[in-house]
Amino acid sequence: MESNMRSVRFLGLVSLVAVSTQFSLWAEDNSSVHTGRPRKVLVGDYSAKALALINEKGDIEWQTPIRNIHDVTRLPNGNLLMQTDWTEIIEMTPDHQIVWKYDAARQNGNEGKAVEVHAFQRLANGDTMIVESGPARIIEVNAEGKIQKQIALKVEHHNAHTDTRLARKLDNGHYLVAHEGENKVVREYDGNGKVVWEYKTGTKVYSAIRLKNGNTLIGMGDGHRVIEVDRDGKTIWSVEEKELPGITLAWVTMVERLANGNTLIVNCHGGENNPQVIEVDPNKKVVWTFKDFRRFGNSLPVAKIIE
Numbered sequence: 001m002e003s004n005m006r007s008v009r010f011l012g013l014v015s016l017v018a019v020s021t022q023f024s025l026w027a028e029d030n031s032s033v034h035t036g037r038p039r040k041v042l043v044g045d046y047s048a049k050a051l052a053l054i055n056e057k058g059d060i061e062w063q064t065p066i067r068n069i070h071d072v073t074r075l076p077n078g079n080l081l082m083q084t085d086w087t088e089i090i091e092m093t094p095d096h097q098i099v100w101k102y103d104a105a106r107q108n109g110n111e112g113k114a115v116e117v118h119a120f121q122r123l124a125n126g127d128t129m130i131v132e133s134g135p136a137r138i139i140e141v142n143a144e145g146k147i148q149k150q151i152a153l154k155v156e157h158h159n160a161h162t163d164t165r166l167a168r169k170l171d172n173g174h175y176l177v178a179h180e181g182e183n184k185v186v187r188e189y190d191g192n193g194k195v196v197w198e199y200k201t202g203t204k205v206y207s208a209i210r211l212k213n214g215n216t217l218i219g220m221g222d223g224h225r226v227i228e229v230d231r232d233g234k235t236i237w238s239v240e241e242k243e244l245p246g247i248t249l250a251w252v253t254m255v256e257r258l259a260n261g262n263t264l265i266v267n268c269h270g271g272e273n274n275p276q277v278i279e280v281d282p283n284k285k286v287v288w289t290f291k292d293f294r295r296f297g298n299s300l301p302v303a304k305i306i307e
């Protein structure tokens, strides 16, 4: 990948992160409980201070320490675009080499400012989108960390921790942003920063994903539910707090419509009686769950199924 090579030059061939491939956060025991067809899953927990890949048997295939985490992406080259803290975003190889790094606390005018990053995305052109809470802006930076584009977000009273949660750049060049804080709203911004669509959640919303059918799948945060809404804001599908047998939805963080048509739900702060990750089919039948409170804790907001 061209951007990856430019990143290596930028970092001067940065070596290993402060852990080696032999680093182990836990003993190699099978502590994960799967129901349904087991899945390989990448999970991040800021109470356990760990990001790890767990296979179908519950074994740890890969792991690295983190401090705080709200987003992660597995790139086509197999690397992870991830964060180690609220201000540090890195690209890490499977053998723990850091090949790209961005420090939101110090770069591009943020020195001395309150800033946190809760969303980021590698774009098709190799640039990286970074959403900065506090400065309340979306920036796109190249491999050298230089801003190629930026837009201001609509926030009246800036708060580095709550301005935003997840955000994604859409195929049409717009940005879909979950505003957790004062506004409690999902907004779609055009490429110039104009709000062209919004849905008021009334809850500390965590995530919003634009589906292929044009609807928006929303993880409602402390609203304890998942909803799919159309362009008019009408709810056409939902999973409610106590709708799934034996499961209570707590702080719903990441949501995803999978290739098989099922929906992935990350159930954070739900306590040991509830799974941390859930997969339901279109009829809301639970087809898979993941629970591991020995190696992870009650603050697991990040999960991605790895096929």
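Using this note's numbering, read the sequence shown as starting at 1 and increasing by one per residue.
Note that CB positions come from ideal geometry on N, CA and C, so glycine has one too.
In this text, all values refer to a predicted model and were calculated from it rather than measured experimentally.
Residue state for Met220 is assigned as coil, using DSSP reduced to three classes. Residue environment for Gln83: buried (at least 16 other C-beta atoms within 10 angstroms of its C-beta).
Under the three-state reduction of DSSP, Arg257 is assigned to strand. For Lys242 and Gly145, the gap between their C-alpha atoms comes out near 45 Å. If you ignore the 5 residues before and after Phe296, its C-beta comes within less than 6 Å of the C-beta of Asp45, Ala48, all in its own chain and listed in chain order. Your pair Tyr189 and Thr216 does not check out as a contact, with CB atoms roughly 14 Å apart and the cut at 8 Å. Within 10 angstroms of the beta-carbon of Arg137 lie 16 or more other beta-carbons, which makes it buried.
Rounded to whole angstroms, Arg210 and Gly233 show a C-alpha spacing of 13 Å. For Ile139, the uninterrupted beta strand (DSSP E) run begins and ends at 137–141, by DSSP. Where Leu176 is concerned, the enclosing beta strand (DSSP E) starts and stops at 175–179.
Inter-residue distance for Leu249 and Val266 is about 9 Å (C-alpha atoms, whole angstroms). Annotation: the continuous beta strand (DSSP E) that includes Ala167 extends over 167–169. The Cβ atoms of Ile151 and Gly193 sit closer than 7 Å to each other.
Of the residues assessed, Pro135 falls on the buried side of the cut-off, its CB having 16 or more other CB atoms within 10 angstroms.
Sorting Asn79, Ala50, Leu75 by C-alpha distance to the C-alpha of Pro65 places Ala50 at the top. A straight line joining the alpha-carbon of Lys169 with that of Asp95 spans about 29 Å. For Gly109, the number of other beta carbons within 10 angstroms of its own is below 16, and it is reported as exposed. Check the Cα spacing between Lys184 and each of Pro245, His157, Phe293, Ile90: the tightest is with His157.
His179 counts as buried, since at least 16 other C-beta atoms from the protein chains shown sit within 10 angstroms of its C-beta.
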